[in-house]
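Just so you know, we're using this note's numbering here: the sequence shown kicks off at 33 and counts up by one. We put the beta carbon where it would ideally sit given N, CA and C, even for glycine. A short write-up of the structure that comes next.
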Amino acid sequence: FYLPAAYAPAQKKSARLHYVWDPAFLDPPGSNYLLREYLDDSAPRNVIFGTDVILQCYVFGDGSYNKFRFALDEGNGTLWPNHEVSKWVTIDWVGWKLVQWDLSDPDMVGTWIGNGVLDMSSYRMDSFQLTHDDNAAMSGTIYFKDLRVVKKKYEITSINEESLAGIPREFTLQQNYPNPFNPVTTVPFAVAKTGRVRLTVFNVLGQQVAFLVDKIMQPGQYEVRWNAVNLASGVYFYELRAGDVTLRRRMMLLK
33 FYLPAAYAPA QKKSARLHYV WDPAFLDPPG SNYLLREYLD DSAPRNVIFG
83 TDVILQCYVF GDGSYNKFRF ALDEGNGTLW PNHEVSKWVT IDWVGWKLVQ
133 WDLSDPDMVG TWIGNGVLDM SSYRMDSFQL THDDNAAMSG TIYFKDLRVV
183 KKKYEITSIN EESLAGIPRE FTLQQNYPNP FNPVTTVPFA VAKTGRVRLT
233 VFNVLGQQVA FLVDKIMQPG QYEVRWNAVN LASGVYFYEL RAGDVTLRRR
283 MMLLK
């Protein structure tokens, strides 16, 4: 399976998983299906991280309504006695979609054979897992691309006190300045009510390249300063998500 020509040749291949559920192998009857596609003891399995990251993978969905999740080994960096998982994601889409697990968010932790809490110091990738519900297809094919661990990093500048005279009536995302920029720019935005706010930067392929904000925020006016020193010149999009609000703007990096 190949990705569009915008990718370099070495990046075009992705992992393919064809699966078939067999009801004759449910033991005991009425138990749950579980497919576990796990890493062998190669270099990727030695990548160790904490809970200050977001685990991401592009999944090419087959619209089967089967379910997908991540599974991690949990331990102290030497011993790995536990397994923890993300919550199930229903594969109700066709095409590429970024699936992610914010390890700092307890509401995104599922249950398997651990205690459902990320309460140890170290984690590493164990497996992709699939399961089947009665309303889902008995077979299908999905693809995986760019499994990665993203370190969250953001910097909120000081707030202009005069701008805080009143609570914003609505969420807003203003144009970054300067724009075009090289390589530092500032993104102003307003938060209308308390809640989790995510501010993310995407490239023209829809890939997330930076996480500027991902936290619970109080109402007010904010600015985030972003340094794109490690990115190539081009058009990027920045997106604000808060509850059911999604706002997006375009920016230009010129080096």
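With distances taken between CA atoms, residue 250 lies nearest to 224 out of 270, 224, 74, 236. Leaving aside the five residues that flank residue 168 on each side, the residues in its chain whose CB is nearer than 6 Å to its CB run, in chain order, 96, 97, 98. The alpha-carbon of residue 178 is positioned some 36 Å away from that of residue 252. Closest in C-alpha terms to residue 271, from the list 156, 287, 207, comes 207. As computed with DSSP, residue 56 is found in no beta bridge at all. In the DSSP secondary-structure assignment, residue 241 is not bridged to any residue. Between the segment 199–214 and the segment 80–97 there are fewer than three C-beta pairs closer than 8 Å, too few to call the two in contact.
Taking a 10 Å sphere around the C-beta of residue 123, we find 16 or more other C-beta atoms and assign the residue as buried.
Following the DSSP letters along the chain, one finds residue 115 inside the beta strand (DSSP E) bounded by residues 114–117.
Inter-residue distance for residue 156 and residue 115 is about 10 Å (C-alpha atoms, whole angstroms). Inter-residue distance for residue 254 and residue 264 is about 26 Å (C-alpha atoms, whole angstroms). Going by DSSP, residue 230 is part of the beta strand (DSSP E) stretching over 227–234.
Remark: C-beta atoms of residue 275 and residue 238 do not approach each other more closely than 8 Å. Inter-segment contact for the segment 133–150 and the segment 99–118 is present: three or more beta-carbon pairs are separated by less than 8 Å. Residue pairing by DSSP places residue 180 opposite 88 in a beta bridge. Around the C-beta of residue 50, fewer than 16 other C-beta atoms lie within 10 Å, and the residue is accordingly described as exposed. Residue 231 places its beta carbon less than 8 Å from that of residue 256. The three-state secondary structure of residue 48, taken from DSSP, is strand.
Cβ-Cβ distances below 6 Å link residue 262 to nothing in the same chain once the five nearest sequence neighbours on each side are left out. Boundaries of the beta strand (DSSP E) harbouring residue 278: 277–285, taken from the DSSP string. Counting only residues of its own chain and dropping the five nearest sequence neighbours on each side, residue 248 has a CB closer than 8 Å to the CB of 226, 227, 228, 229.
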